[in-house]
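Novice: For the record, in the sequence shown the residue sitting at position 408 is 416 according to the numbering used here, with numbers rising by one throughout.
Next up is a structure, given as structure tokens.
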Amino acid sequence: MKNSLKIIIGLFAIISMSCNRSSDSEKKENYAQKNYNKQEATITMRDGIKLFVSIYSPKDVSKTYPILLQRTPYSCAPYGKTEFRKHIGPNETMMKEGYIIVYEDVRGRWMSEGTYDNMRPYIPNKKDQSQIDESSDTYDTIDWLVKNVANNNGKVGTWGISYPGFYTSYSTLDAHPALKAASPQAPIGDFFFDDFHHNGAFLLSYFRAIGLFGAPKNMPTDTAWYKLPEFNTKDQYQFFLEAGPISNLNKYYESKTLDNTSKLNETSVKDFFWQEIINHPNYDENWQKKSLVGHLKNDSSKVATMVVGGWYDAEDLYGTFETYKHFESNRSRPYNTIVVGPWSHGGWAREPGKQSVGNVYFGDSISTFFQKNIETKFFHHFLKEKGDAVSGLPEAYVFDTGAKVWQQYAVWPPKNAVQQTYYLKANQELSPIAPTKNAKPLVFVSDLTKPVPYSEDIKVV
């Protein structure tokens with residue numbers, strides 16, 4: 009965060025949520041280091057590319073533990089065998105309960121080799137070792153972990169929020185037999201309907217986020233090789249209004265690559281993700297082949313799934329419900345459930361104490377309730393217990409934002425759900441009754457040169 013500029017970004021927030029969660033005391037901050045050992049390794053994929061993993065194993069070796077794997081483009085940091093995260097795993101309860109927690113830099117990111125691809129297309133029925141995707145990388149990773157990490161019980165779970173949620177969904181395709189449970193949380197399902205496009209024109213508010221995903225990387229590195237553009241203005245709309253044709257924005261996405269000494273080269277290269285967005289403004293074959301959700305209904309893997317999302321997720325609400333829907337339509341899947349709470353993007357991974365969105369208050373410790381009574385219960389059942397379909401959780405655990413209570417449903421959407429149209433009345437109330445022709449209108453003036461009269465600050469989303 010710069011002194012004069014706050015960057016609030018759902019995609020970036022996941023870096024901190026999936027890596028480090030804030031704690032209230034020094035005791036919490038040191039728990040992982042006091043109770044876990046850390047090792048780092050590289051795992052060779054079937055095509056010879058090596059992927060980097062950080063492995064946190066309980067110091068108590070008197071029993072065996074399941075493995076929990078998160079694959080991420082956002083880094084396994086901190087790097088170094090003596091450098092520990094302040095919090096590991098999906099939540100504090102599970103960290104203290106005891107799991108082998110593994111983080112992996114996905115292909116082409118950070119300390120891993122290979123070429124990165126945004127939402128790498130899935131390849132069904134692979135013909136040879138050269139045909140790789142995120143499912144094959146996950147399979148090879150799990151295969152190495154269960155064979156080489158001491159004191160594991162042979163069962164593996166995957167989890168992740170946002171982009172790591174996408175990799176979690178991907179892990180269920182052509183899954184390794186040891187993978188028993190997966191929890192995609194706010195997963196990207198389709199880049200044209202989630203995040204950058206939201207089923208339409210490119211979201212200008214995501215412009216600064218492109219560099220995070222499209223700057224080329226020549227070699228493994230523990231240092232950020234990308235740079236986000238600076239606007240030098242607090243009025244983002246004015247910035248784009250004055251920018252002129254889109255070609256004038258190209259200068260913000262020319263990157264410098266790392267050489268073999270980890271120094272930046274002088275030669276600039278174009279950001280490949282920016283070029284992809286420019287070259288494919290519509291939902292063409294490029295985006296269609298990257299879409300993951302359609303494949304989830306056809307796979308025969310026997311992985312239990314729990315999809316998690318927030319009603320106020322501005323980034324990946326499409327991915328949440330479409331992932332659940334396609335998992336549910338797959339009759340070979342032994343177990344599938346969905347959890348939706350009063351959260352913004354990834355909010356269930358944080359505990360603010362009093363849960364609210366803006367000035368709307370929903371209750372206290374809602375995230376903690378989810379972590380202890382839903383998330384932990386799901387993984388415990390499928391990774392530490394017998395793992396049958398009787399998990400004790402409903403098909404859908406959904407927070408009613410009007411009544412401000414959790415509701416449980418046997419099916420989702422509920423059988424008695426009805427679609428209702430509401431109309432905005434002149435007194436600014438919502439009504440199910442359509443206005444009459446003589447109804448008093450509510451009038452406002454929209455100035456296209458200044459459509460938003462004020463804003464809190466520049467935001468990327």
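Quick reminder that beta carbons are idealized off the backbone N, C-alpha and C, glycines included.
Could you round the C-beta distance between ILE51 and TRP152 to whole angstroms and report it? I think they count as a contact, below 8 Å.
Specialist: 5 Å
Novice: My output table needs one value for PHE210: the three-state DSSP class, helix, strand or coil.
Specialist: coil
Novice: Helix or strand or just coil, what does DSSP make of ARG216?
Specialist: DSSP places ARG216 in helix when its eight states are reduced to three.
Novice: Which stretch, first to last residue, makes up the beta strand (DSSP E) that contains SER65?
Specialist: 58–66
Novice: Is the beta carbon of TRP295 sitting closer than 7 Å to the one on PHE200?
Specialist: yes
Novice: Nearest CA to the CA of ILE441: which residue from PRO449, GLN428, VAL368, LYS448?
Specialist: The residue with the shortest Cα to Cα distance from ILE441 is GLN428.
Novice: Which residue marks the beginning of the alpha helix (DSSP H) containing ALA251, and which one marks its end?
Specialist: 244–251
Novice: Have a look at ALA434, PHE390, ALA209 and flag the residue whose alpha-carbon is nearest the alpha-carbon of PRO342.
Specialist: The candidate whose alpha carbon is nearest that of PRO342 is PHE390.
Novice: Is SER364 helix, strand or coil by DSSP?
Specialist: strand
Novice: Do PHE386 and LYS412 count as a contact pair if the criterion is CB distance below 7 Å?
Specialist: no
Novice: Compute the distance between the beta-carbons of PHE281 and PHE221, then report whether it is under 7 Å.
Specialist: yes
Novice: Identify whether SER270 lies in helix, strand or coil by the three-state DSSP scheme.
Specialist: Residue placement at SER270 is flagged as unreliable, the pLDDT there being 48, under the threshold of 50; the coordinate-derived value follows with that caveat. DSSP, read as helix, strand or coil, puts SER270 in coil.
Novice: Which runs of the alpha helix (DSSP H) spanning at least 4 residues fall entirely within the segment 345–413, listed in chain order?
Specialist: 374–378, 384–391
Novice: Looking at the unbroken alpha helix (DSSP H) that takes in VAL419, where does it start and where does it end?
Specialist: That residue, VAL419, is in no alpha helix (DSSP H); it is neither H nor E in DSSP.
Novice: Run through DSSP, which three-state label would GLN436 get?
Specialist: coil
Novice: Spell out the partners DSSP gives GLY165 in its beta bridges.
Specialist: DSSP, once it has assigned bridges, lists LEU76, ALA189 as partnering GLY165.
Novice: Tell me where the alpha helix (DSSP H) around GLY173 begins and ends.
Specialist: Counting along the chain, the alpha helix (DSSP H) containing GLY173 begins and ends at 171–179.
Novice: Can you pull the DSSP bridge partners for GLY49?
Specialist: The sequence given here has Ala at residue 49, not Gly. VAL61.
Novice: Rounding to the nearest angstrom, what Cα-Cα distance links PHE378 and GLY395 in this structure?
Specialist: 20 Å
Novice: By a C-beta neighbour count over all protein chains shown, 10 Å radius and 16 as the cutoff for buried, is ILE63 buried or exposed?
Specialist: buried
Novice: Buried or exposed for VAL348, please, with buried defined as at least 16 other CB atoms from any protein chain shown within 10 angstroms of its CB.
Specialist: It is buried - the Cβ of VAL348 has at least 16 other Cβ atoms within 10 Å.
Novice: For VAL110, which of helix, strand or coil comes out of DSSP?
Specialist: strand
Novice: Please confirm whether any heavy atom of the ligand NAD lies closer than 6 Å to the CB of LEU76.
Specialist: Among the components modelled here there is no ligand, and therefore nothing to report on the ligand NAD.
Novice: If you draw a straight line from the alpha carbon of PRO185 to that of TRP233, how long is it in whole angstroms?
Specialist: Rounded to whole angstroms, the gap between the alpha carbons of PRO185 and TRP233 is 36 Å.
Novice: Expressed to the nearest angstrom, what Euclidean distance is found between the alpha-carbon atoms of LEU456 and ASN256?
Specialist: 21 Å
Novice: For LYS392, which residues of its own chain have a beta-carbon under 7 Å away from its beta-carbon, when the five flanking residues on both sides are left out?
Specialist: PRO74
Novice: From this set, GLU262, ALA85, TYR124, THR123, which residue's C-alpha is nearest GLU48's C-alpha?
Specialist: ALA85
Novice: Where SER375 and ALA183 are concerned, what is the direct C-alpha to C-alpha distance, given to the nearest angstrom?
Specialist: 30 Å
Novice: Have a look at GLY219 and GLU262 and give me their C-alpha separation to the nearest angstrom.
Specialist: Approximately 9 Å, taken between the alpha carbons.
Novice: Give me the Cα-Cα distance between GLY208 and GLY97, rounded to the nearest whole angstrom.
Specialist: 35 Å
Novice: Sorted by chain position, which residues of the same chain lie with C-beta nearer than 7 Å to TYR291's C-beta, five sequence neighbours on each side aside?
Specialist: PHE200
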